[in-house]
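Trainee: All the letters of the sequence shown, read from the start, carry residue numbers 291 to 377 under the working numbering.
Glycine residues also receive a C-beta, built at the ideal position from the N, C-alpha and C atoms.
Remember, predicted model here, so these are calculated numbers, not experimental data.
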Amino acid sequence: MKRPRNIQRHVEDRVSQKKCLIAGCDKDTYALGLCKFHHNQFVYQRRKRKTEADRAKYHALAARRGLVLMSHECRQYAGSNVFAAIG
Ligand SMILES: [Zn+2]
């Protein structure tokens with residue numbers, strides 16, 4: 291999944307500010323690069339897809355448009371898990 295450069299720049303800007311990816315939304319990130327409101331909207335639309343493959347495809351399409359992050363990006367942006375070193 292590769293985004294057009296201008297969209298990628300928007301995504302990285304918003305992620306670094308911990309702000310929702312949706313243009314015009316100034317709320318803080320809740321999950322997948324979205325605020326709680328937009329995350330709910332995304333999940334609702336994704337859930338309408340009948341198969342897991344369709345849901346994954348929908349997620350990737352939205353991510354390519356810079357409307358949401360992929361799960362691996364969240365991990366990447368969050369950095370390493372500090373709890374992994376315990377125990
Ligand atoms: Zn939002």
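Is G377 buried or exposed, if buried means 16 or more other CB atoms sit within 10 Å of its CB?
Mentor: Under this definition G377 is an exposed residue.
Trainee: Could you check if L324 belongs to the surroundings of ligand 1, using beta carbon to heavy atom distance under 7 Å?
Mentor: yes
Trainee: So, helix, strand or coil for L351, using DSSP?
Mentor: helix
Trainee: Considering only heavy atoms of ligand 1, does any lie closer than 7 Å to the CB of H328?
Mentor: yes
Trainee: For the alpha helix (DSSP H) holding F373, just list the boundary residues, first then last.
Mentor: Note, F373: premise wrong, no alpha helix (DSSP H); not H, not E.
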